[in-house]
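Since the structure comes first, as structure tokens, the remarks are kept for the end.
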Amino acid sequence: MAALPIYVHVPKFYSDVVGLNLVSIGGLLLAARAFDAVQDPLLGYWSDLRRDKYLGRFLWVLIGTPFLALGMFGLFHPPQWEQSVMAWWLLAMLFLVYTAFSMLQISYQAYGAEISDHPVERTRVTSMREGLGLVGVFLAAALPEILSKQHGQRQGFAEFSTIFVPLLFLMVLFTIVFSPRAVARTEAVTKDALRAMWKPLNNPLFRQLLIIFVFNGIAASIPATLVLFFIDDVIRAPELSAHFLIAYFAAGAFGMPLWAILSARIGKGRAWCVGMVVSIVAFVWTFTLKSGDTTPFMIICILSGLGLGADLALPPSILADVIDDDDRRGLGRNEGAYFGLWNLVTKMNLALAAGIALPSLAMLGYRPGITQSADALMYLAGVYALLPCVLKAFAAFALIKSPFFSRGELPRFMSKGV
């Protein structure tokens, strides 16, 4: 429920409501996300240190919760100051939200990787986790739209963030009380912080998985950053924004069990590759859409949303299997370090998407909400639709060439029980 507004709504909200230009927003998002990404390995290391102590990793969840609530409240309750000051406000709120979000996210994901040793069961765990996470995405897609129509965009998002705060505390409490216990683990980390933080890079399988994840992640981040601009100025149906987003994420949620079943039959890598191909084939047609093409865009949202399910459920499950390689070689387990680097890469993908796509479109003549030339709209459609497909094709190619794709060549620790 926090992620969608941070990555999708903030650029447009601070452009339309606060009045900041796209170059400033893109630069601030790049700076904030870069800073946030750099701290993730350290947060992962600290999470590993807490693993076997009282409250374990959930201590970081408890610490991050009030700061995330405060940051989300401030992000969508901006004061009406001068634009030069508002840029600093946005940067400060982004720092607060990103840091708190990382505290929760890294420890939460690392704990999920510890619940089971069985590869297929891990996919069920990640599928359920990401599927329930999409419930929050539905709320984040629908509530701002509904509240903005009733009270205006500024007040609508303010009310949304007010609703978010008690829900956050309630769900964190529910998670800590009712989460299943993790299985017994070997020693977590060395006391050498720097070595522990970057230890995952010594795992060749992790490096290969990271390359695939980078290409695929940037391919997903660019549309996430530009989708509202595309709906407003190309499709010209801003009143349907929430419907498109909900259809996309609903398809991802409903399709997720299918990816879990397929991965159990043909392997996680092959199932993930199928998901990439589905996304490319569905999404590439977006470039041809024009004003009023709401039905074709809705169909594209649903079909590409099916591919989203594979992106959400399978990579974290593969990562949990990759971590077993360290355990198998007697190097201990460092789930926090792995997910710290994983989140670093995720955020750098988003940072690059915002920091490159938004300023580039501004320099090419695109201005949100203003009458656009045909060339400006073509640039927007190209960056939104074609560039992600090219990047995802690179990711699929890298996946096919990796050991994760050929089921017969998978290491023993990855094929066990499949």
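Note that this note's numbering numbers the sequence shown so that position 284 is 291, with each residue one more than the last. Where a beta carbon is used, it is the ideal one built from N, C-alpha and C, also for glycine. Computed from a prediction, not measured in an experiment: that's the story for all the values here.
- Check the Cα spacing between Gly262 and each of Arg272, His250 and Gly282: the tightest is with Gly282.
- Here Gln87 carries a coil assignment [DSSP, helix/strand/coil].
- Just so you know, the alpha carbons of Leu217 and Ala267 end up roughly 21 angstroms apart.
- Between Leu29 and the set Ser367, Val397 and Pro187, the nearest pair of CA atoms involves Ser367.
- C-alpha of Phe411 to C-alpha of Arg277: approximately 8 angstroms in a straight line.
- Along the length of the segment 200-279, whole alpha helix (DSSP H) runs at least 4 residues long occupy 200-205, 211-237 and 248-273, reported in chain order.
- Distance from the CA atom of Ala189 to the CA atom of Gly159, rounded to whole angstroms, is 46 angstroms.
- The beta-carbon distance between Gly33 and Gly312, rounded to whole angstroms, is 26 angstroms. This is too long to meet the 8 angstroms contact definition.
- DSSP places Ile183 inside the alpha helix (DSSP H), whose first and last residues are Gln160 to Phe185.
- At a Cβ-Cβ threshold of 9 angstroms, Glu121 and Glu342 count as neighbours.
- Contact annotation: Met100 and Gly71 have beta-carbon atoms that are not nearer than 9 angstroms.
- The Cβ neighbour count for Met370, taken over all protein chains shown within 10 Å, is under 16; the residue is labelled exposed.
- Residue Thr106 holds the alpha-carbon nearest to the alpha-carbon of Asn350 among Thr106, Ala94, Trp88 and Leu235.
- Here the segment 227-244 lies against the segment 386-396, with 3 or more beta-carbon pairs under 8 angstroms apart.
- Distances from the CA of Ser134 to each of Trp279, Leu27, Asp47 and Leu247 were compared; the closest alpha carbon is that of Trp279.
- In this structure, the beta-carbon distance from Arg374 to Ser298 does not fall below 9 angstroms.
- In this structure the segment 114-132 lies against the segment 55-75, because at least three pairs of beta carbons, one per stretch, are closer than 8 angstroms.
- Only residues of its own chain outside the window of five on either side were considered, and among them Ala165 and Ser168 have a CB closer than 7 angstroms to the CB of His84, listed in chain order.
- The three-state secondary structure of Phe42, taken from DSSP, is helix.
- Proximity to Ser186 across Gly347, Ile170, Leu146 and Val132 peaks at Val132, based on C-alpha coordinates.
- In this structure, the straight-line span from the alpha carbon of Ala289 to that of Asp318 is close to 15 angstroms.
- With 16 or more other CB atoms across the displayed protein chains lying within 10 angstroms of its CB, Pro323 is buried.
- Between the alpha carbons of Ile253 and Thr302 lies a distance of about 14 angstroms.
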